[in-house]
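Asks: Sharing a structure below in structure tokens format, with a few things to ask.
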Amino acid sequence: MSDKRYRIYLCGGPNCTPKGRDILLRALEDALWTYQLDAVVDVRVSGCQDRCDFAPNMTVWPGPYHYSQLTPDAVRQIVQEHLQGGQPVAIWLSNEAERR
Ligand code: FES
1048 MSDKRYRIYL
1058 CGGPNCTPKG
1068 RDILLRALED
1078 ALWTYQLDAV
1088 VDVRVSGCQD
1098 RCDFAPNMTV
1108 WPGPYHYSQL
1118 TPDAVRQIVQ
1128 EHLQGGQPVA
1138 IWLSNEAERR
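One point on numbering: in my numbering, the residue at position 42 of the sequence shown is 1089, and numbering is uninterrupted.
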């Protein structure tokens, strides 16, 4: 593990990519910059995270916290509340997505 506080794996698999991976990556990078977290968060694009039915997905470590059915606004909320505030955002977690 690096000296970063968080590591994020944004899914770049075949189902998540066409559902907005590039837009989510831009929203994620913009939000990290806005909240001055870019130096402490490591962002990587992963392969399929095996939750394709709930695409687009990303995973936050330490955790794992699996976030699903993401939108740019959801990503901004996760950066603000989870990465800056330390509180995972329950409504975007995968187990919530499975109930939607
Ligand atoms: S392609 Fe993203 S979970 Fe499968």
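Each residue gets a CB set at the ideal place from its N, CA and C atoms; glycine is no exception.
How long is the line joining the alpha carbons of Leu1140 and Ala1086, rounded to whole angstroms?
Replies: Those two C-alpha atoms are separated by around 25 Å.
Asks: Taking 7 Å as the cut-off, does the CB of Asn1142 come closer than this to any heavy atom belonging to the ligand FES?
Replies: Answer for Asn1142: no, Cβ out of range of the ligand FES.
Asks: Alpha carbon to alpha carbon, how far is Thr1064 from Val1136?
Replies: Roughly 22 Å separates the two Cα atoms.
Asks: Measuring CA to CA, which of Thr1118, Asn1142, Gly1133 and Gln1127 is closest to Lys1066?
Replies: The residue with the shortest Cα to Cα distance from Lys1066 is Thr1118.
Asks: Using a Cβ-Cβ cut-off of 6 Å (strictly less than) and excluding sequence neighbours within five positions of Ala1078, which residues of its own chain qualify?
Replies: Here the set comprises Arg1123 and Val1126.
Asks: Nearest by alpha-carbon distance to Tyr1053: which of Arg1068, Thr1106, Gly1060 and Leu1071 is it?
Replies: Looking at the Cα atoms, Thr1106 is the closest of the given residues.
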